[in-house]
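What the sequence shown shows, in the numbering used here, is residues 8 to 400, in sequence order.
To start, the structure under review is shown below, and the notes come after it.
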Amino acid sequence: MDENKNAPALKRLKKPNPLLRLLALLTTAALLLGAMVLVIYRDTINMNTFKHWLDYQRMDTGATGESAPFSHAGGDKLSIAYLNSGVVTASAAGAHYYGLDGQQLAEEVRSLENPVLTASRSTAVVYDAGNQSLFAFRDGEKNFSLSLEGGADLLSARPNDGGWLAVTAQQSGYKGAVTVYDRRGEPVIQISLSSTFAVDAAISPDGRTVAVVTIGQENGAFFSRLLLYAVDKTEPFAQLDLGGMTVLDMDFDLGVVWLVGEDRLLTVSLTPEGETVQTCFFSPSYLKGCSLGGDGFAFLLMGRYRSGSADQALLVDSSAQVVQSIALTGQVLDYAAAGEYCALLTGSQLSVYNTSLEFVAGVENSRAARRVDLNTNGSALLANDQQAWLYIP
């Protein structure tokens, strides 16, 4: 009798495909490596940046590198900001915060007489210059709002990458006041001035130092000063006389205070030994535009004549030296700088450059964009009066 007659038959095993096996091993190794990196560097990896990267992977940018446009609230005096976490627009109709897919995350619908939008990589601030309302957006929500009382007027509000905020205002009883808020919106220090007007302020990336620009009058002439404060002291530790320079824009970037005037750019480098001041004069050219959003450089648009459009773009480093320049042939509608990139938008094209002002990417302006902002990875946010979209080289 055959004892194996009723035994189940052995199945012939299919030999695995070597290519599929190799792909599975590579995928497993990549996942394990990624997990190890997250564990080892969990304190230094920016998870918002990682989420930002995942958002990019889900986008269909087509052959041109442009994502599908989404509608925004629009309004007169429109400006835009491209954050790591989304898009913020400001206009006379208020402030709106969108995800990269166009989903609305937060808004503040109200009439703004003089809307101003300032932004760091993490935080955008919208305020009504000369009035009392201010709103800060970060991490997918309206993070902070401020309404000044007692007839106070907002003059300036500048966030740093950590979400700290320096707010300059005219308040009753003082010629000027600067209040520093931490990332939770809690006041850290208020600097109140009684003899000169505070007109602008910026806080360092580490939140330890605030730079304040003041204007005063002496013997019938106006003069400006830069005051530097530690955030736990109400007296400045350094002072720089700026003469008759009117500061149009400023930034505080990695130990350097950038100051832009009508005819010059100043860099003030802070070191343990003291402060070093260097100047780039614009003459015989005239300033047409400036972005201080890049890392360690200023992106300037210059023109040969007081009236008319820009005919040259310059890159100025932290030692106030012109390191690169290119000639401009078309009318510039908008411009931006972030990280190691800068961009020019004309009626026909968006052009993205590196810090050598070499062309690295571009796309035809087929949707009539009039505004542009950059992310530090070189991708661009474009917008017309009704729509916004991303360009990812």
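Every residue, glycine too, gets a C-beta built ideally from N, C-alpha and C.
Self-check item: 6 angstroms CB neighbourhood of Gln111 in its chain, flanking five on each side removed
Solution: Tyr105
Quiz item: If you run the structure through DSSP and keep just helix, strand and coil, what is Tyr348?
Solution: strand
Practice problem: Classify Gly310 as helix, strand or coil using the three-state DSSP reduction. | Solution: strand
Exercise. Report yes or no: do three or more beta-carbon pairs, one from the stretch 201-210 and one from the stretch 240-248, lie closer than 8 angstroms?
Key: Touching, no.
Quiz item: Who does Thr353 pair with in a DSSP beta bridge?
Solution: Val339
Quiz prompt | Rounded straight-line distance, which links the Cα of Ser386 to that of Gln328 | solution = 27 angstroms
Quiz item: When you compare each of Ala97, Leu255, Leu397, Ser363 to Asn372 by their alpha carbons, which one comes out closest?
Solution: Leu397
Self-check item: Exposed unless 16 or more other CB atoms sit within 10 angstroms - verdict on Gly93
Solution: buried
Quiz prompt | Phe306 versus Leu322: straight-line alpha-carbon distance, rounded | solution = 5 angstroms
Quiz item: Taking three-plus beta-carbon pairs below 8 angstroms as touching, is the stretch 217-230 in contact with the stretch 249-269?
Solution: Segments in contact, yes.
Exercise. Run the CB neighbour count on Val185, radius 10 Å, all protein chains shown included, and call it buried at 16 or more, exposed below.
Key: buried
Quiz prompt | Spatial neighbours of Val359 in its chain, beta-carbon cut-off 7 angstroms, leaving aside the 5 residues before and after | solution = Tyr348, Ala350, Val367, Ala368, Gly369, Gly385, Ala387, Pro400
Quiz item: Among the residues of its own chain, which have a CB less than 7 angstroms from the CB of Ala6, if the five just before and after it don't count?
Solution: Since the first residue of the chain shown is 8 and the last is 400, residue 6 is not available in this structure.
Quiz prompt | Short Cβ contact (8 angstroms threshold) for Ser98 with Leu85 | solution = yes
Self-check item: Residue nearest to Ile210 in terms of C-alpha spacing, selected from Leu233, Glu225, Gly227, Phe229
Solution: Leu233
Practice problem: For my contact list, Leu340 and Asp318 are in at a C-beta cut-off of 8 angstroms; report their separation, rounded to the angstrom. | Solution: The pair is not a contact, with the Cβ atoms about 15 angstroms apart (cut-off 8 angstroms).
Practice problem: Using a threshold of 8 angstroms, state whether the C-beta atoms of Val379 and Ala343 are closer than that. | Solution: yes
Quiz item: Got a sec, what are the start and stop residues for the beta strand (DSSP E) Val219 sits in?
Solution: Taken as a continuous stretch (DSSP letters only), the beta strand (DSSP E) holding Val219 covers 216-225.
Quiz item: Can the beta-carbon of Asp260 be found closer than 8 angstroms to that of Phe289?
Solution: No, the Cβ-Cβ distance between Asp260 and Phe289 is not below 8 angstroms.
Quiz item: What first and last residue would you give for the beta strand (DSSP E) that runs through His103?
Solution: 101-105
Exercise. Note down the Cα distance separating Asn361 from Val330, rounded to an integer number of angstroms.
Key: 12 angstroms
Self-check item: Runs of beta strand (DSSP E) lying entirely within the stretch 117-173, each at least 3 residues, in chain order
Solution: 122-126, 130-135, 140-145, 148-154, 160-166
Quiz prompt | Run of the beta strand (DSSP E) containing Leu277, from where it starts to where it stops | solution = First-last of the beta strand (DSSP E) with Leu277: 271-278.
Quiz item: Apart from the five residues just before and just after Gln224, which ones in its own chain have a Cβ nearer than 8 angstroms to its Cβ?
Solution: Phe230.
Quiz item: Are the CB atoms of Gly137 and Leu161 nearer to each other than 8 angstroms?
Solution: yes
Quiz item: Which word fits Tyr134, buried or exposed, when buried means at least 16 other C-beta atoms lie within 10 angstroms of its C-beta?
Solution: buried
Quiz item: Under three-state DSSP, which class holds Asn361?
Solution: strand
Quiz item: With a Cβ-Cβ cutoff of 8 angstroms, do Ser292 and Arg313 count as a contact?
Solution: In this structure, Ser292 lies away from Arg313, with their beta-carbon atoms at least 8 angstroms apart.
Quiz item: What's the call for Gly101, buried or exposed, on a 16-neighbour Cβ count within 10 Å?
Solution: buried
Exercise. Give the range of the beta strand (DSSP E) segment to which Arg232 is assigned.
Key: Per DSSP, Arg232 is one residue of the beta strand (DSSP E) stretching across 228-237.
Practice problem: My understanding is that Arg145 touches Thr125, with C-beta atoms under 8 angstroms, so please give their C-beta distance in whole angstroms. | Solution: Rounded, the Cβ-Cβ distance is 13 angstroms, inconsistent with contact.
Exercise. Under 6 angstroms Cβ to Cβ from Ser163, same chain only, skipping five residues before and after it: list those, please.
Key: If we look at Ser163 and ignore the five residues flanking it on each side, its Cβ neighbours are Thr175, Asp207.
Self-check item: Span separating the alpha-carbon of Gly158 from that of Ser179
Solution: 7 angstroms
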